[in-house]
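The working numbering applies: residue 2 is where the sequence shown begins, and numbers increase by one.
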Amino acid sequence: MSDPASNTGLFGVHGMALELRSQRMGLIASNIANAATPNYKARDIDFNTALDARIKGASQDQATAAAVQYRVPVMPSLDGNTVEMGNEQVAFSQNAVGYASTLAFLSDDVGEVKRAIKGE
2 MSDPASNTGL FGVHGMALEL RSQRMGLIAS NIANAATPNY KARDIDFNTA LDARIKGASQ
62 DQATAAAVQY RVPVMPSLDG NTVEMGNEQV AFSQNAVGYA STLAFLSDDV GEVKRAIKGE
């Protein structure tokens with residue numbers, strides 16, 4: 002039986018991480034867009050849990066579904082909405098930095114492949 006972590010493709014864990022960060026960005030953006038929607042429940046992806054599931058062989062959808070969690074508000078609003086803009090902005094910023102870092106790693110990997118192809 003093969004090790005799922007060894008089947009991560011050409012770009013290894015960075016490709017998985019980029020997909021997860023992209024999904025997380027969309028979920029956080031949805032939270033921000035629904036900040037004024039009554040009874041909207043803010044959600045987030047536990048990135049480490051999702052990435053661990055992907056490394057262990059779960060599909061993208063399985064890993065994301067297992068890692069999506071509802072946020073617990075610090076100060077719940079009267080209309081039942083659990084989006085707290087400060088928390089969402091921090092999560093969005095942190096995820097954006099992680100996304101950019103992962104993209105930089107992938108860019109370096111692509112550069113190495115190009116150099117190998119050229120024989121440099």
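Here a beta-carbon is modelled for each residue, glycine too, at the ideal position from N, C-alpha and C.
Within a Cβ cutoff of 7 Å, which residues of the same chain sit near residue i, ignoring the five residues on either side of it in sequence?
i    : result
F106 : H15
Could you give the residue range of the beta strand (DSSP E) that holds residue i?
i   : result
R44 : 44 to 46
Between which two residues does the alpha helix (DSSP H) harbouring residue i extend?
i   : result
Y71 : From DSSP, Y71 is part of no alpha helix (DSSP H) but of the beta strand (DSSP E) over 69 to 71.
N40 : Where N40 is concerned, there is no enclosing alpha helix (DSSP H), given that its DSSP letter is neither H nor E.
Just to confirm my understanding: we take residue i, look at its own chain, exclude 5 residues before and 5 after, and list those with CB closer than 6 Å. What are they?
i   : result
M26 : N96
Y71 : K42, R44
Please classify residue i as buried or exposed, where buried requires at least 16 neighbouring CB atoms within 10 angstroms.
i   : result
N49 : exposed
N32 : buried
Once the 5 residues before and after residue i are set aside, which same chain residues still bring their CB inside 8 Å of it?
i   : result
L52 : V14, M17, A18, L21, A64
For this session: Note down, one range per segment and in chain order, each beta strand (DSSP E) of at least 3 residues found wholly within the segment 47 to 99.
Result: Complete beta strand (DSSP E) runs here, min 3: 69 to 71.
Exercise. Counting pairs of beta carbons, one from the segment 51 to 65 and one from the segment 75 to 86, are three or more of them closer than 8 Å?
Worked result: As far as the Cβ criterion goes, the segment 51 to 65 does not touch the segment 75 to 86, which means the pair count is below three.
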